[in-house]
Structure formats: C-alpha cells, structure tokens
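Input: a single structure, listed below in structure tokens.
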Amino acid sequence: MLDIHSHILPKMDDGAKSTEQSLELLRMSAKQGVTTMVSTSHFYADQESPEHFLRRRAHTFRKIEPELGSDTPSLLFGAEVLYFYGISRSKEVRDLAIEGTNLILIELPFHPWPENMIDDLLSFKYASGLDIVLAHIERYQDIQKKNIFRQIFEYDEFLIQCNAEAFLYHKSKKLAFKLYKEGKLDFIGSDCHSTERRPPKIAEAKKVFVKKFGEAAWEDFCRRSESILEEHKK
Ligand SMILES: [Fe+2]
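Numbering (my numbering), first residue to last: 109 to 342.
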C-alpha cells in the first residue's frame with residue numbers, strides 16, 4: 109500500500125533522529141504492508157526557502173540511500189507544507205510537490221483558520237496546476253468552528269488524507285469512517301516520526317478498518333489511493 113505522509117529522513121525535521129531510526133521506520137512500514145512511501149518532511153516558509161529545503165532533502169537522502177533494499181518501501185519525495193498566507197503567489201513552493209506528480213501535501217494551521225485561507229488555497233491550486241492533499245484532516249476538527257471545517261468538504265476541491273492514528277480514537281474514527289463511506293477519503297498516511305513516540309500504525313488502522321468494512325474494502329481503498337497517485341504522475 110501507499111503511505112503518502114511520513115517523516116523518515118534523518119534529522120530533516122522533528123522526525124527520524126538518526127540514519128538507524130530512519131531505516132527502522134522504513135523496515136517497520138514495509139512489514140506493515142507499505143510498498144511505496146512518500147517522505148514529507150515539514151516545510152515552513154518562514155524558516156527556509158524551498159530551494160534550501162530541496163538541497164537539504166537531497167543531502168539527507170544520501171545518508172540512507174546505500175542502505176535501502178528489498179526490506180524497505182520504494183520512496184518518493186515531497187514535503188508537508190504548512191499553509192502560509194500568500195501561498196497562491198509563491199512560485200517556488202510548487203517545487204515541493206511530490207516528485208514526478210502534480211500533488212502537494214499541505215498542512216493547515218492549528219489555530220482558527222484565516223477567513224481567506226480557502227480562497228488562497230484555491231488560487232494556489234489553479235495558478236500552480238497542482239492538486240492539494242490536505243494532511244491529517246481529523247486533527248483540525250476540534251479547533252475549527254463546525255461550519256468552517258465543513259467548508260473544506262463542501263468545496264470538493266481538495267484531496268483528503270487521514271492519519272492511520274485517526275482510526276484508533278473514537279471521535280477521529282467517526283470522521284474517518286464517515287469520509288470513507290462518503291467517498292471523500294483519498295489517502296491514509298502514517299505521519300510516522302519516530303520508532304517510539306510516533307511509530308507507523310498502518311497495520312493497526314488496517315485492523316480497525318477491516319473489522320468495520322472487510323478486507324476487500326481495504327484492498328479496494330488501497331488500490332484507489334495508488335491510482336489517484338498514478339493519475340497525478342506527469
Ligand atoms: Fe506530518
């Protein structure tokens with residue numbers, strides 16, 4: 109299966125702390141059935157330029173590259189871009205799309221969303237030609253007013269990702285199940301950061317999903333996610 113959200117590069121962000129941990133996360137993921145993993149280190153526009161981020165990412169990847177093999181998933185590189193006001197005017201940020209695709213993973217703020225955020229994101233989408241995947245949608249539901257949170261789905265303009273962990277807690281599970289049943293859930297990501305504190309929990313999420321919808325539905329869901337990625341390849 110595809111894991112579209114992870115922090116596996118060593119010391120690139122608050123994810124893997126060492127090359128060893130990085131490889132351990134990859135091996136753990138492979139054991140849980142992940143065949144393709146997108147590395148999406150945090151990108152904060154107020155801290156560095158996309159160009160600097162890309163240079164750092166390439167440099168960091170070289171540390172684990174020689175150790176990759178049949179026990180690790182194949183890797184694609186992207187970023188988890190924290191929304192910033194004016195994203196629609198930034199040309200450079202487009203380079204942070206998942207490599208070889210026109211998909212970009214965007215994290216929304218963890219405070220009440222600015223009134224013009226959705227318009228800014230839509231302008232970004234149309235100006236850049238990129239499709240936006242909204243990261244871990246379940247994590248915003250308690251922070252936003254219900255009508256604002258709902259707008260994201262009403263627009264039907266964004267692809268939606270839930271974390272594997274969403275399936276493990278009552279309230280977020282309710283949302284994840286609802287989105288899945290409505291055909292609005294596009295991707296599940298591990299958002300794994302470390303082997304101890306935030307390990308990959310794809311297998312646990314699968315268990316919960318399969319218990320509710322069955323193995324065939326899980327297989328279908330995984331295939332659908334993979335084909336969305338394929339359709340967005342350039
Ligand atoms: Fe993340």
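Even for Gly, the Cβ is constructed at its ideal location relative to N, Cα and C.
At a Cβ-Cβ threshold of 8 Å, I212 and V241 count as neighbours.
Of the candidates L229, F232 and R164, R164 places its Cα closest to the Cα of G186. Assigned with DSSP and collapsed to three states, F218 falls in coil, not helix or strand. Beta-bridge pairing by DSSP links M145 to D111 and L183. Spatial neighbours of F295 in its own chain (CB-CB distance under 8 Å, excluding positions within 5 residues in sequence) are listed in chain order as L110, I112, H113, V241, L267, I268, Q269, C270, S333 and I336.
Two segments are said to touch when three or more pairs of C-beta atoms, one from each, lie closer than 8 Å; by this definition the region 131-140 does not touch the region 149-168. D299 has its Cβ nearer than 7 Å to a heavy atom of ligand 1. Taking 8 Å as the upper bound for CB-CB distance, L216 and E246 are not in contact here, some 12 Å apart. F329 is the residue among K309, F329 and Q249 whose C-alpha sits nearest the C-alpha of Y288.
Per the Cβ contact rule, the region 316-328 is not in contact with the region 120-131 (fewer than 3 Cβ pairs under 8 Å). Under DSSP, T168 forms no beta bridge with any residue. Between ligand 1 and the CB of E246, the shortest heavy atom gap is not smaller than 7 Å. Where Q269 is concerned, the enclosing beta strand (DSSP E) starts and stops at L267 to N271. Taking the C-beta atoms as reference points, E188 is found no nearer than 8 Å to A138.
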